[in-house]
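Since the structure comes first, as structure tokens, the remarks are kept for the end.
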Amino acid sequence: ETGVTQSPTHLIKTRGQQVTLRCSSQSGHNTVSWYQQALGQGPQFIFQYYREEENGRGNFPPRFSGLQFPNYSSELNVNALELDDSALYLCASSGGGLDTEAFFGQGTRLTVV
Amino acid sequence: AQRVTQPEKLLSVFKGAPVELKCNYSYSGSPELFWYVQYSRQRLQLLLRHISRESIKGFTADLNKGETSFHLKKPFAQEEDSAMYYCALSKAAGNKLTFGGGTRVLVKP
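Taken in order, these protein sequences are the chains called A and B. In this text, residue positions in the first sequence follow the working numbering: the first is 92, and each later residue adds one. In this text, residue positions in the second sequence follow the working numbering: the first is 35, and each later residue adds one.
What follows is the structure, given as structure tokens:
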């Protein structure tokens, strides 16, 4: 059984560019959630995907979008990058349903310059 | 909207001393409460959740709905407990978590 993996681990982008972050969910998990963690703060919920459909969204603008694929891996896309988008982006997978534990990836550190 | 507050950014205790991490929440309903921990160079992981009512690594947490609190306690801290601790709330099954700002625990020898 493999855990949650995210790629890339680090990247640097210029303001105004677009970025795609990737997440492979843990084997057997059909739910993926994305979080943004700014320096010195707790993670903030961006959105969740369940069986390829968006299943809830936090207080983030539409330029944050996502996808989930049939194998339950997921992408987070951010358009028109802003300096404040610099953060650690975490992906978490869970099995769905009631009372399930969320397993986190190691995160992608995005720096916008 | 739900909110989780962890008033202490840093807790420094000596090995063998008790440690208590405070967590208060606001939510109009019956939330699920969690404590997540991140050890140095490791990923965020679940420590315990209120519905399990179990002790993990000597830690316990009691949900007090009257005070809307979910404080984490350990009677005798160990050096390996040094880590970042996050309290989190989920308003329903499905793990859409609202996290607090985190408390860094430093256990000194």
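Cβ atoms here follow ideal geometry from the backbone N, Cα and C, with glycine treated the same way. This structure is a prediction, so every number in the text was calculated from the model and none was measured.
Check your understanding: If you draw a straight line from the alpha carbon of residue 168 of chain A to that of residue 48 of chain B, how long is it in whole angstroms?
Key -> 44 Å
Exercise for review: Name, going along the chain, the residues of the stretch 49–60 of chain B whose beta-carbon falls closer than 8 Å to a beta-carbon of chain A.
Suggested key: none
Check your understanding: By the criterion of Cβ-Cβ separation under 7 Å, what are the contact partners of residue 130 of chain B in chain A?
Key -> 124, 136, 139 and 147
Review point. Roughly how many angstroms separate the alpha carbons of residue 133 of chain B and residue 97 of chain A, rounded to a whole number?
Key: 21 Å
Check your understanding: Is the stretch 95–115 of chain B in contact with the stretch 193–200 of chain A, if contact means three or more CB pairs nearer than 8 Å?
Key -> no
Practice item. Go ahead and pull the three-state DSSP assignment for residue 114 of chain B. Key: helix
**Study point:** C-beta atoms of residue 111 of chain B and residue 71 of chain B nearer than 8 Å
**Key:** no
Check your understanding: CA-CA distance, residue 120 of chain B and residue 137 of chain B?
Key -> 7 Å
Point to revise | Neighbour flag for residue 10 of chain B against chain A, beta carbons, 8 Å | key: Not covered by the structure: residue 10 of chain B. The range shown for chain B is 35 to 143.
**Study point:** residue 133 of chain B: contacting residues in chain A (beta-carbon distance under 9 Å)
**Key:** 126, 128, 132, 133, 134, 135 and 136
Practice item. Quick one: grab the DSSP three-state call for residue 174 of chain A. Key: helix
Review point. With a Cβ-Cβ cutoff of 8 Å, do residue 114 of chain A and residue 164 of chain A count as a contact?
Key: yes
**Study point:** The beta strand (DSSP E) enclosing residue 113 of chain A, as first and last residue numbers
**Key:** 110–115
Practice item. Check the Cβ of residue 120 of chain B against every Cβ in chain A and list those closer than 7 Å, keeping chain order. Key: 133
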